[in-house]
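Asks: Chains as they are written, first to last, in this note's numbering: chain A, 101 to 387; chain B, 520 to 838. The structure is given below, and queries will be raised subsequently.
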Amino acid sequence: MRTYQVARPVVRWPKVLIHICLIVGAVLMMYPVVWMLSASFKPENAIFSDPGLLPKQFTFQNYVSGWTALATPLGFGTFFWNSFLVSVGAVIGNVISCSMAAYAFARLKLKFRPLWFAIMLGTVMLPYHAIVVPQYILFKSVGWINTFLPLIVPKFLATDAFFIFLMIQFMRSLPRELDEAAKMDGCGPIRLFWRVILPLTTPALVTTAIFTFIWTWSDFFSQLIFLNTLQIYTLPVALRTFLDSTGTSSYGGLFAMSILSLLPIFGFFLAFQRLLTEGISTTGMKG
Amino acid sequence: MSTTQVQAGQVGANKKLQVEKRKLPLGVRENLIGYLFLLPWFLGLFTLTIGPMLGSLYLSFTRYDLLSAPQWIGLQNFIAMFSDIRFLDALRVTAIYVVLSVPLKLAVALLVALALNKGLRGLGIYRAVYYVPSLLGGSVAIAILWRQIFGQNGIVNQGLALLGIHGLSSWVADPNTSVYTLIILAAWQFGSPMLIFLAGLKQIPGEMYEAAGIDGAGPFSKFLQITLPLLTPIIFFNLVLQMIGAFQAFTPAFIVSSGSGGPYDSTLFYTLYIYQQGFGYFHMGYASAMAWVLLMIIALFTAVAFTSSRFWVFYQDER
C-alpha cells in the first residue's frame, strides 16, 4: 500500500512532461507544412518578410498565377488529371494482380512454391534502379515512352511484390475450414477466390489501394524517366519543371501548387487514418 | 486441361469440363489453376524483373548509347568507376547519408514510440500527427519546401535570427551542410518505423515489468534489461528496411540540387548519379554497371545485417 502512495505522484509528473515534449515535437514537425500553407496565401513580396503564420494580407493570387504558370490549356488541371489517371491505373492493376498471386501462394497447390515464394520475397528488396535501364530500353522499343503505359502496365503484372506479401499474410489468417466448406458445396478454386476469399480480404485490398495511390501520386523517379512532354506530365514532374523555370524568384505559385498536390494524400490520410496507422503496425509497411 | 478451357467454363462447356475433370488427377488440376493465378506475376517477373536484371548485367560490360548497338568492352566500366571522381563522390555522399540518416531516424522513432507507449491520452492524435510526414515526405512538394526551409531566407535562418544569429547563408547551397539538410528530411519521416516500434512495444507483457519492479529495477534498467532486448527483432526489421530505402533515396537530392547533385557533388546520391549517367548522358552501359554495383552493395549490407543479427537479435523461446 505504502509503495503505491509514494509512487503515484512520481509517475504522474513525468506524464505532464511527456505531453509537453510531445506537443512541442508535434508543433515542430508540422510547422514547415503549415508554414508553406500560410505562405501560399501571402502576396509574393510578403512570403519572406511576413514571418507570421496568419497572413497579414490574404490573397488567392498565388493559386491563380501558379495554376497557369506552365503552358497547358487546362493549367495545372492537366497534371492533376494525368496523375489521377496513372494512380488509378496503378491501383486497379495492383489490386487485381497482387490478389491473384497472393491467392495462389496462400491457398492453392503449387509445385515449387518455396522457390517462387523466395524469389517473390527477393524482388521486394530489389532496388528499382537495378532494372530501370533495360526497362527503359524495352519500353522504348515498343514505343511506350511518353505514354502512361510504363507506369501502369507493370502494376497489372504484380511487380509490387510487397503488396503480394501483405495479402498473403492476410489470406493465411483466414480459417482453412472456409475452403473445405466451399469445396463441399461444389465450389471450385476460382469461385472460392471470387466469392469467399476476395470479399474477406477487403481490408488488405483497401490498404493496398490506398498505399498504391499515395505512392504512385508522389512517385517521381519513374515518371521523370518515362514522361518527356509537358502535355502528359504528372504533378511531380510538372512541379519540378515549374521549380526550374521560376528558380527562386517566385515561390508563391510554386507553394500554392505544392499544397494542392499534397491535398489528395492528406484527404486519404484523414479518411483512412485508422486503417493506415494500424495497417502499418501489423504488417510492417515500408515508407 | 489448358487455361483457356478453365476460363471457358460457361453453361455449354460444362459437360466437357466435367469429363476433363475426371481425366486429370486432382493434384495436377489444382496445380494448373495455381499457376493460372500466378500467370500475371510470372509475366512480370520474367519480362520486367529477371529479364531486365540479366539485361543490365550484359549492358554493364558494354558501351551503349541507345543509338548504335552495344559494344562489348569487358570490365572497362567497372575499372573506370575507380578513377571517376564523381562516382567516388556519389559513394561518399550516399555512405554519409545512409550511415547518419538511418540510425537518427530509428532513434527518434524509438524515442517517440516509447513516450507514446506510456498510456497517454490523445494517443491517436499524436500518432497521426507524427505519422503524416511519412506519407508526405517522399513527394516533390516537400522537397521544394525543404529547399526553401534551408535557403538563405528560409525558416531556419529566420528562427536563428530571432535568437540573435544573423547573416547566415543558405544551408542547401553550402557543400558542407547540404547533405545534412537531406538527413534531417529523412529523419523527419520517422513515422512508419515509429508505428512498427509502437506495435512491438505493445507485445511486451506487462508482467515482465511488474516482476522487474518487485526485484527493484528502476525505469532505466527496465529499459535496458527488458524493453531493448525484446525489441531487437523489430529494431532489426526496421534497420534492414530503412537501410535499403536510404540507399535508393533520389527525389530530395534531385529537387534540392535541381538535378545536378551540387553544390560540388555534395548531394550527388548514388541513384542521382545513375540517373545522370543513364538518362542525362545516355551512358547506358556505365549506368548499368553502377546499378549492379549498387545491387551488390545493398546485398552485402543486408547480408551483414542478417549475419550479425545472430549476435544481437533476441528471439523469445516460445516462438
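The beta-carbon is built from N, C-alpha and C at its ideal position, and this holds for glycine as well. Fair warning: this is a prediction, and the values are worked out from it, not measured in the lab.
1) Quick one: which residues of the region 257–287 of chain A get their C-beta closer than 9 Å to a C-beta of chain D? List them in chain order.
2) Leaving out five residues before and five after B:A806 in sequence, what residues of the same chain have Cβ atoms less than 6 Å from its Cβ?
3) With DSSP as the reference, please indicate the residues paired to B:W591 in a beta bridge.
4) Does DSSP put B:G531 in a helix, a strand or coil?
5) Mapping the DSSP letters down to three states, classify A:T377 as helix, strand or coil.
6) State the Cα-Cα distance for the pair A:L360 and A:I219, rounded to the nearest angstrom.
7) Count the other C-beta atoms from every protein chain shown that fall within 10 angstroms of the C-beta of B:H847, then say buried if there are 16 or more, exposed otherwise.
8) Please report how far the alpha carbon of A:K118 lies from the alpha carbon of B:A634, in whole angstroms.
9) Nearest CA to the CA of A:T329: which residue from A:F239, A:I245, A:D279?
10) My parser needs the alpha helix (DSSP H) runs of 4 or more residues fully inside the region 706–760 of chain B; what are they?
11) Given that B:N672 touches chain A, what residues does it touch there, using C-beta distances under 7 Å?
12) Which residues in the same chain have their Cβ closer than 7 Å to the Cβ of B:L701, if we skip the five residues on either side of it in sequence?
13) So with Cβ pairs under 8 Å, would you call A:A169 a contact of chain B?
14) For A:R272, count neighbouring Cβ atoms within 10 angstroms of its own Cβ and tell me buried if that reaches 16, exposed if not.
15) Just mark B:F580 as buried or exposed, buried being the case when its beta carbon has 16 or more other beta carbons within 10 Å.
16) List, in chain order, every chain A residue whose beta-carbon is nearer than 8 Å to that of B:V811.
17) What are the boundary residues of the alpha helix (DSSP H) that B:W665 is part of?
18) Name the chain A residues whose beta carbon is nearer than 9 Å to that of B:I698?
19) Would you kindly check if the distance between the Cβ of B:V621 and the Cβ of B:M762 is under 8 Å?
20) If contact means a Cβ-Cβ distance below 7 Å, which residues of the region 298–321 of chain A contact chain B?
21) Quick one: is A:P143 near chain B, going by C-beta distance under 8 Å?
22) So, A:A304 versus A:M267, is the Cβ gap smaller than 8 Å?
23) Determine the chain B residues that contact A:S358 at a beta-carbon separation under 9 Å, and present them in chain order.
24) What residues of chain B sit near A:F369, judged by a beta carbon separation below 7 Å?
25) A:K255 and A:S197 - do their beta-carbons sit closer together than 8 Å?
26) Any C-beta of chain B sitting closer than 8 Å to the C-beta of A:P151?
27) Cβ closer than 8 Å: which chain B residues qualify as neighbours of A:K156?
28) Does A:S165 get closer than 8 Å to chain B when you measure Cβ to Cβ?
29) Using a Cβ distance threshold of 8 Å, determine whether the region 227–239 of chain A contacts the region 339–354 of chain A, with at least three qualifying pairs required.
Replies: So, to answer that:
1) Looking at the structure shown, chain D is missing, and the protein chains on hand are A and B.
2) Taking the second sequence and counting its residues from 1, one reaches residue 806 of chain B at position 287. These residues qualify, in order along the chain: I793, Q796, G797.
3) To locate residue 591 of chain B, count along the second sequence from 1; it is residue 72. According to DSSP, B:W591 bridges with B:T581.
4) As a first step, residue 531 of chain B must be located in the second sequence, where it is residue number 12. Caution applies to B:G531, whose pLDDT of 45 falls short of 50 and renders its modelled position unreliable; the value that the coordinates give is listed next. Reduced to three states, the DSSP call for B:G531 is coil.
5) Against the first sequence, residue 377 of chain A aligns to sequence position 277. Looking at A:T377 - three-state DSSP - the assignment turns out to be helix.
6) Here residue 360 of chain A refers to the residue found at position 260 when the first sequence is read from its first residue. Here residue 219 of chain A refers to the residue found at position 119 when the first sequence is read from its first residue. Rounded to whole angstroms, A:L360 to A:I219 spans 40 Å at the Cα level.
7) There is simply no residue 847 of chain B to check, as chain B begins at 520 and stops at 838 in what is shown.
8) As a working note, residue 118 of chain A is residue 18 in the first sequence. As a working note, residue 634 of chain B is residue 115 in the second sequence. Position check: residue 118 of chain A holds Ile in this sequence, whereas Lys was assumed. Roughly 7 Å separates the two Cα atoms.
9) Residue numbering aside, residue 329 of chain A sits at position 229 when the first sequence is read from its first letter. Checking every option, the nearest Cα to that of A:T329 belongs to A:I245.
10) 710–722, 725–733, 738–741
11) Start at 1 with the first residue of the second sequence, and residue 672 of chain B comes out as number 153. Per Cβ cutoff of 7 Å: F148.
12) Here the question's residue 701 of chain B lines up with position 182 in the second sequence. Correct list, in chain order: Y616, P771, A772, V775, T786.
13) To locate residue 169 of chain A, count along the first sequence from 1; it is residue 69. Not an interface residue.
14) Working through the first sequence from its first residue, we reach residue 272 of chain A at position 172. A:R272 comes out exposed.
15) Sequence index remark: in the second sequence, residue 580 of chain B carries index 61 (1-based). B:F580 is buried by the Cβ-count criterion.
16) Residue 811 of chain B sits at position 292 when you count from the first residue of the second sequence. The question names Val, yet the displayed sequence has Trp at residue 811 of chain B. Correct list: A230.
17) As a first step, residue 665 of chain B must be located in the second sequence, where it is residue number 146. Residues 659–668.
18) Within the second sequence, numbered from 1, the residue matching residue 698 of chain B stands at position 179. It should be noted that the sequence gives Val, not Ile, for residue 698 of chain B. Ordered by position in chain A, no residue passes the 9 Å Cβ test against B:V698, which lies about 19 Å from the chain.
19) Reading the second sequence from its first residue, position 243 is the one you call residue 762 of chain B. Reading the second sequence from its first residue, position 102 is the one you call residue 621 of chain B. Yes. Within cutoff.
20) I314, S318, F320, F321
21) On the first sequence, position 43 is the one that residue 143 of chain A refers to. It does not; no Cβ of chain B falls within 8 Å.
22) On the first sequence, residue 304 of chain A is found 204 positions in, with the first residue counted as 1. On the first sequence, residue 267 of chain A is found 167 positions in, with the first residue counted as 1. It is a contact, given that the beta carbons lie within the stated cut-off.
23) Stepping through the first sequence from its first residue, residue 358 of chain A is reached at position 258. Residues of chain B passing the Cβ test: S658, V659, A660, I661, I663, L664.
24) Working through the first sequence from its first residue, we reach residue 369 of chain A at position 269. Under the 7 Å cutoff, chain B gives V651, L654.
25) For the purposes of this step, residue 197 of chain A is identified with residue 97 of the first sequence, where counting begins at 1. For the purposes of this step, residue 255 of chain A is identified with residue 155 of the first sequence, where counting begins at 1. Taking 8 Å as the Cβ cut-off, A:S197 and A:K255 qualify as a contacting pair.
26) As a position in the first sequence, residue 151 of chain A is number 51, starting the count at 1. Closer than 8 Å: yes.
27) Along the first sequence, one-based indexing puts residue 156 of chain A at 56. The contacting residues do not exist; A:K156 stays about 16 Å from chain B at best.
28) Here residue 165 of chain A refers to the residue found at position 65 when the first sequence is read from its first residue. It does not; no Cβ of chain B falls within 8 Å.
29) no
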